[in-house]
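Note that the sequence shown covers residues 2 to 356 in our numbering.
The beta-carbon is built from N, C-alpha and C at its ideal position, and this holds for glycine as well.
Down below is the structure, laid out as structure tokens.
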Amino acid sequence: MNTQPPAQPPAAPSTHPDEAALDWFVRRTGGPLEASDEAAFQAWLTADDAHDAAFARHQNDWRRLDELPADGLRTLRQNLANDKAAAARAAPRPRAWWRDLSAWAPQGALAAVALMVSCGGYLAWSLWQQQPVFEQSFATARGQQLEVVLPEGSRLRLDTLTNADVTLYRERREVRLPQGQAMFQVKGDPGRPFDVLAGPLRITVVGTRFSVRYTPGVPGRTGVHVAVEEGRVRVARAERSAAGDSAVELVAGQQIASDMAGLLGAVSAVPATGIAPWRDSRVSFDNTPLDQALAEFERYGPVHLKVSEPAVAALRVTGTFDPRRLDNFSRMLPQVLPVRLREQGGEAEIISVSH
């Protein structure tokens, strides 16, 4: 004896285009319709352009799920199957979930399915959008430089002792700079902003050429330095503080520096030596303490120079030098500063002339 309850005829589709479209979409997903139902569907579909557009939206949303990675799609489908089974167990009169959905609950069931499909699809789609399409880390050794062309066309040039972690997403681009300095030539894409995270700062651009330096281990250069050669960049704390720090916009020819905590200084003009002179194998000093100048040279190779006297370490140096020719710098020092070199077992100590 058949103990199943008699099937009820499908409810008439809603007069609202979106609700009716979802009603028809769910019924057709369950399998081929009977001839009379298919005829009714075709009549509804052609009765108004809004009907066709609403039904196409549901079809498109469903197709978008097929573009998800296989693992994510399997998980989503399993979740939908679990929800379907749970709904069937909770229903007082179980029926074929897809086929008879609009018959046993034309409003509540369709609303639940709409919410499940739209929210589930949105979350899955968002998750898919957040999956990287490219990930790679780059690093330079002491004295080495490296130029990189990213898949989307942007260029990175890394200076000595620099690490850069590149992650490209479908809707944004991101480079983390744990240490070192780099020059960025970003390919313009308004729909895909380019962020550089360096220490406490986030630098955001769409298309421009700029440099970022973050060398926390170098005396006097522990913060972040940003300089713009072309275009415009936005500089702000990577994480907003309770005080709600405002961002700073830089245009070509401007630069800014922060301290270790991300507190931004004043905007200033790029020096006459230009942006990132290291691209031409040069380091520039502008009234820089001698010990800090030596630390900068040390980034590019062995210095074999040391300074012990605080008064000598505080002497100021100005000029542009080739870090590969430290001998020129050594010969110049006694000519511009009150110091002399004292050889000590393969190294030279910079001491005051009074000694």
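Straight-line spacing of the CA atoms in T216 and G346 works out to 30 angstroms. Rounded to whole angstroms, Q132 and D190 show a C-alpha spacing of 19 angstroms. Note that the C-beta distance between V249 and V229 is not below 8 angstroms.
The C-beta distance from V167 to L178 rounds to 10 angstroms, too long to fall under 8 angstroms, and the pair is not in contact. Q182 sits in a strand when the DSSP states are folded into three classes. Beta-bridge partners of R326 (DSSP): none assigned. Counting C-beta pairs closer than 8 angstroms gives three or more between the stretch 296 to 303 and the stretch 205 to 219, which meets the contact rule. Taken through DSSP and simplified to helix, strand or coil, H305 comes out as coil.
For R29, the enclosing alpha helix (DSSP H) stretches over residues P18 to T30. Considered as a whole, the stretch 217 to 289 harbours 225 to 231, 233 to 238, 249 to 252 and 255 to 258 as its complete beta strand (DSSP E) runs of no fewer than 3 residues, in chain order.
The Cβ atoms of A315 and S353 lie no closer than 8 angstroms to each other. Residue pairing of Y215 in beta bridges, as defined by DSSP: G181 and V225.
DSSP, read as helix, strand or coil, puts E297 in helix. For A183, the number of other beta carbons within 10 angstroms of its own is at least 16, and it is reported as buried. For the pair S155 and V187, the CB atoms are nearer than the 8 angstroms cut-off.
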